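Below is one structure; the comments refer to it alone.
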Amino acid sequence: MKILDGKNLSNIIKQEIKESVGVRLSLGLKKPHLAAIIVGDDGASLTYVGSKVRSCEEVGFESTLIQLEKSISENDLLYQIEKLNKNSNIDGYIVQLPLPKHINEEKILLSVDPVKDVDGFHPTNFGRMVLELPSFIPATPYGIMEMLKRYDIKTSGKKCLVIGRSNIVGRPISILMSQKGSYGNATVTVAHSRTKNIKELCLEADIIISALGIPEFIKEDMVKKGVVVIDVGITRILDKTALKGYVIKGDVDYKNVSKKSSYITPVPGGVGPMTIAMLLKNTLKACQKKD
Ligand code: NAP
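Residue numbering for the sequence shown follows the numbering used here, beginning at 295 and increasing consecutively.
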């Protein structure tokens, strides 16, 4: 069994990005600039945004964090987005999800200028991705594809089971894994909460990409020997004995499933750090497009 070490790989990618920034500066070009909007004070969202901002510093990007009150009106949030769309110094930005219930998430995501949509959630980018045209690919599926490529894991002709069909993970990764380009070409099955025979589908799969958010859902008796397991799930479980008061669990019973796997991502330290690295890569691309 080999561990797909997302932490190490993301550090390599960040180093590459840092070098590109160095080259830009030596040529007198501007530093890439990523902004993030966060609404409210949800602990997990603050942690995610915090690590995105810290990573910007690591690679030499400029970053701007815009923290807004949970009670902000939809119109005021739209105004903030319009300001970012117009600010030529900002190359890309993200709106951290989820948003408070009184705000229409779809309306907000549609108002992001597609050329600055480094999360790749705007229908223009999503559509371009489906058509295999250049676009910003959502960071988590982009990170998974990059990880499979860099570990030289063969996907062509393999049976891939994706569990989850969300717009940010399950749906896009199922499209990327089946695409005809240089990577992908897998035979993809998408499972979701209405799927009846998940164990059977898991047992048939050469590659399982799990993005459902149920801790340790995938057990040892659900996978075949030699399977490649990509665990996207991140769930916080309260644990008074832990330093932070919680522990992080993935969708996979890592201890036992790893014994049967050829490759497996740990949680934490697998897909999570790759997501951040690919967000930075999208931001660098957004900046380079303006040169
Ligand atoms: P989501 O929007 O809640 O989607 C979950 C998906 O799982 C849905 O499609 C749902 O089916 C399906 N599902 C739920 N219960 C199921 C079951 N018993 N059997 C089969 N499918 C089931 O979640 P998400 O945003 O995609 O995130 C999924 C997980 O990944 C979460 O733990 C999240 O924290 C994590 N995540 C991690 C990263 C990272 O960087 N590592 C990034 C994003 C998300 P229906 O469509 O039928 O409801």
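Even glycine gets a Cβ: it sits at the ideal position worked out from N, Cα and C.
Since we're looking at a predicted model, the values are computed, not measured.
Cβ-based neighbour list, residue i, same chain, cut-off 8 Å, excluding 5 preceding and 5 following
{"i": "glutamate 351", "result": "Ser357"}
{"i": "glycine 563", "result": "Asp299, Gly300, Lys301"}
{"i": "leucine 319", "result": "Lys325, Gly354"}
{"i": "alanine 499", "result": "Lys453, Cys454, Leu455, Thr483, Val517, Lys518, Val521"}
{"i": "asparagine 398", "result": "Glu368"}
{"i": "leucine 495", "result": "Leu455, Thr483, Ala485, Thr489"}
{"i": "aspartate 585", "result": "Leu323"}
{"i": "isoleucine 508", "result": "Gly527, Thr529, Asp545"}
{"i": "glutamine 473", "result": "Glu426, Asn479"}
Nearest candidate by alpha-carbon position, reference residue i, set the options
{"i": "arginine 459", "options": "Lys377, Gln309, Lys553, Val484", "result": "Val484"}
{"i": "lysine 549", "options": "Lys377, Phe511, Ala338", "result": "Phe511"}
{"i": "glycine 566", "options": "Val526, Leu455, Val551", "result": "Val526"}
{"i": "lysine 575", "options": "Lys296, Ile297, Asn305", "result": "Asn305"}
{"i": "threonine 481", "options": "Glu494, Leu362, Ile503, Thr449", "result": "Thr449"}
{"i": "threonine 559", "options": "Leu442, Gln582, Leu506", "result": "Leu442"}
{"i": "leucine 497", "options": "Glu514, Glu426, Leu403, Ile360", "result": "Glu514"}
{"i": "isoleucine 388", "options": "Ile332, Ala505, Ser487, Leu303", "result": "Ile332"}
{"i": "lysine 380", "options": "Asp370, Val406, Gln361", "result": "Val406"}
{"i": "phenylalanine 430", "options": "Tyr373, Glu310, Leu470", "result": "Leu470"}
{"i": "leucine 403", "options": "Leu425, Pro432, Ser382", "result": "Pro432"}
{"i": "leucine 506", "options": "Lys493, Asn491, Ser487", "result": "Ser487"}
{"i": "tyrosine 477", "options": "Lys493, Ile447, Ile492", "result": "Ile447"}
{"i": "glutamine 374", "options": "Ala338, Ser555, Ala330, Gly337", "result": "Ala330"}
{"i": "lysine 583", "options": "Ser382, Val561, Ser555", "result": "Ser382"}
{"i": "proline 392", "options": "Asp336, Met423, Thr341", "result": "Asp336"}
Residue i Cβ short of 8 Å to ligand 3 heavy atom set
{"i": "serine 487", "result": "By its list of ligands, the structure shown excludes ligand 3, since it contains just ligand 1."}
Inter-residue spacing [alpha-carbon to alpha-carbon] between residue i and residue j
{"i": "threonine 535", "j": "lysine 543", "result": "15 Å"}
{"i": "isoleucine 384", "j": "leucine 378", "result": "7 Å"}
{"i": "arginine 530", "j": "lysine 538", "result": "10 Å"}
{"i": "lysine 553", "j": "glycine 421", "result": "39 Å"}
{"i": "proline 408", "j": "glycine 475", "result": "23 Å"}
{"i": "isoleucine 366", "j": "proline 417", "result": "25 Å"}
{"i": "glycine 414", "j": "methionine 568", "result": "15 Å"}
{"i": "threonine 434", "j": "proline 394", "result": "22 Å"}
{"i": "isoleucine 438", "j": "tyrosine 445", "result": "11 Å"}
{"i": "isoleucine 360", "j": "serine 345", "result": "14 Å"}
{"i": "valine 347", "j": "isoleucine 297", "result": "27 Å"}
{"i": "asparagine 479", "j": "tyrosine 557", "result": "19 Å"}
{"i": "proline 428", "j": "isoleucine 462", "result": "18 Å"}
{"i": "glutamate 440", "j": "serine 349", "result": "18 Å"}
{"i": "lysine 401", "j": "lysine 493", "result": "38 Å"}
{"i": "valine 424", "j": "tyrosine 436", "result": "13 Å"}
Same chain, Cβ closer than 7 Å to residue i, neighbours up to 5 away in sequence not counted
{"i": "arginine 465", "result": "Arg459"}
Cβ-Cβ separation, residue j to residue i (assumed contact under 8 Å), whole Å
{"i": "valine 343", "j": "glutamine 390", "result": "5 Å"}
{"i": "leucine 371", "j": "leucine 362", "result": "7 Å"}
Beta-carbon contacts of residue i that lie in its chain and below 6 Å, excluding the five residues immediately before and after
{"i": "glycine 386", "result": "Leu328, Lys410, Val412, Thr577, Ala580"}
{"i": "isoleucine 501", "result": "Lys452, Cys454, Val522"}
{"i": "glutamate 376", "result": "none"}
{"i": "isoleucine 503", "result": "Val456, Ile467, Ile524"}
{"i": "isoleucine 307", "result": "Ala571"}
{"i": "aspartate 533", "result": "Tyr540, Val541"}
{"i": "lysine 364", "result": "Gly334, Pro394"}
{"i": "aspartate 547", "result": "Glu510, Lys513"}
{"i": "isoleucine 311", "result": "Val353, Leu574, Leu578"}
Which runs of the beta strand (DSSP E) spanning at least 3 residues fall entirely within the segment 337-378, listed in chain order? 356-362
Alpha helix (DSSP H) segments (min. 4 residues) lying fully within the segment 455-488: 464-472
Give, in chain order, every unbroken run of the alpha helix (DSSP H) that is at least 4 residues long and sits entirely within the segment 375-411. 399-405
Quick one: complete alpha helix (DSSP H) runs, 4+ long, within the segment 521-557? 548-551
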